[in-house]
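Numbering (my numbering), first residue to last: 22 to 313.
For each residue, glycine too, the CB sits at the ideal point set by N, CA and C.
Bear in mind the structure is a predicted one, so any value in this text is a computation, not a measurement.
Presented below is the structure to which this report refers.
Have a look at this one:
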């Protein structure tokens, strides 16, 4: 038994799929399956119940995975502690970022970060907020760029900046003739949203005064998994949406079929913060990243 095999088992437990777990661990599926079988033989128990369609943890398997996570977390913490004592501004820094922020914020800061900390190796993970927070708690990433607040009492978050929302609507929309957009205008929008799981969807609903996601019979069952797709849907006339300010600099904003409007409303923004574990030892690396 070794640490690598425990990580393989954790990956299978989280994905419930040997193929996806192998991809996450950058090994072939036969290699991963063989190591899992070897681990089960060494322990003398069955960790996973397998069929052709699904993989499920056995009762004892669940207990083993819980303990394996703790072992991996403590080992990672030991490695991080040693790295921090040597040079906190060198080695890998695993950074998570939400998809509605990552493509607009990360590329511009890479060059100045490399100049400031040439020995720092940035490893980027792009996931929705819930996944990033889980990875953060499980020591799979070091810091996370997310929109706050979030209800995570075991983590800390350092506010970076407030990002305004902009209204995007088709060029022939009735609001095109209005000089100023009011809250009541937003509440009456034929609103397009990102799919469930994206925190931006709830934030947009809050700004627009929607308590519940629009029902399919009202606007069709249209949900996008990216801002790019969402804006293409707006351009095609399916509705309107709000986007974060950083996203308004993307190439898709040149689409003549859409109009982008800045909102002069006090609550039309989201707060971007840097989340981290309170026990994270490389505080100097965290501070440098926060102030780039």
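Span of the alpha helix (DSSP H) around residue 169:
Where residue 169 is concerned, there is no enclosing alpha helix (DSSP H), although the beta strand (DSSP E) it sits in stretches over 164-169.
Report the CB separation of residue 276 from residue 256 in whole angstroms; it is logged as a contact under 8 Å.
5 Å
On the three-state DSSP scale, how would you describe residue 182?
strand
Nearest-angstrom Cα separation, counted from residue 272 out to residue 28:
40 Å
If I follow the unbroken alpha helix (DSSP H) through residue 130, where does it start and stop?
Counting along the chain, the alpha helix (DSSP H) containing residue 130 begins and ends at 123-137.
Could you tell me which of 22, 216, 298, 283 sits nearest to residue 121, measuring between CA atoms?
The candidate whose alpha carbon is nearest that of residue 121 is 216.
Measure the CB-CB distance between residue 313 and residue 219 and report whether it falls below 8 Å.
Taking 8 Å as the Cβ cut-off, residue 313 and residue 219 do not qualify as a contacting pair.
8 Å Cβ cutoff met for residue 181 and residue 294
yes
Residues bridged to residue 294 by DSSP?
167, 180
Taking the Cβ atom as the reference point for each residue, do residue 147 and residue 266 lie within a distance shorter than 8 Å?
Cβ distance not < 8 Å, so residue 147 and residue 266 don't count as in contact.
Which of helix, strand or coil does DSSP assign to residue 28?
helix
At the level of alpha carbons, what is the spacing between residue 237 and residue 160?
Because the pLDDT at residue 237 is just 45, under 50, the model does not fix this residue reliably, and the value given afterwards should be weighed accordingly. So the two alpha carbons sit approximately 39 Å from each other.
Grouping DSSP H, G and I as helix and E and B as strand, with all else coil, what is residue 38?
coil
Hey, does residue 306 have any beta-carbon neighbour from chain D nearer than 8 Å?
Structure shown: chain D not included; a single protein chain is present.
Along the chain, where does the beta strand (DSSP E) that runs through residue 310 open and close?
Note, residue 310: premise wrong, no beta strand (DSSP E); alpha helix (DSSP H) at 304-311.
Can you tell me the Cα-Cα spacing of residue 204 and residue 262, whole angstroms?
14 Å
Helix, strand or coil for residue 73? Go by DSSP, reduced to three states.
coil
Cβ-based burial, residue 304 [other Cβ within 10 Å; buried from 16]:
exposed
In three-state terms, what does DSSP make of residue 237?
Because the pLDDT at residue 237 is just 45, under 50, the model does not fix this residue reliably, and the value given afterwards should be weighed accordingly. Residue 237 falls in the helix class under three-state DSSP.
Collapsed DSSP secondary structure at residue 268 in the structure displayed:
helix
Express the C-alpha separation of residue 34 and residue 155 in angstroms, rounding to a whole number.
14 Å
For residue 64, which residues from the same chain have a beta carbon less than 8 Å from its beta carbon, with the 5 sequence-adjacent residues on both sides left out?
So the list reads 22, 85, once near-sequence residues are dropped.
Ignore the nearest five residues each way along the sequence and tell me which others in residue 46's own chain have a CB closer than 8 Å to its CB.
28, 29, 32, 53
Tell me whether residue 197 is buried or exposed, calling it buried when 16 or more other Cβ atoms sit within 10 Å of its Cβ.
exposed
Suppose you measure from the CA of residue 213 to the CA of residue 282; what does that come to, to the nearest Å?
16 Å
Contact check, residue 166 vs residue 131 under 8 Å by CB: the rounded distance?
The Cβ separation is near 13 Å, so there is no contact.
What do you get for residue 278, buried or exposed, if any count of 16 or more other CB atoms within 10 angstroms of its CB means buried?
exposed
Could you give the first and the last residue of the continuous alpha helix (DSSP H) run that contains residue 51?
Residue 51 -> alpha helix (DSSP H) spans 50-64.
DSSP puts residue 112 in a beta bridge; with which residues?
141
To which residues does DSSP link residue 214 through a beta bridge?
244
Using a threshold of 8 Å, state whether the C-beta atoms of residue 254 and residue 243 are closer than that.
yes
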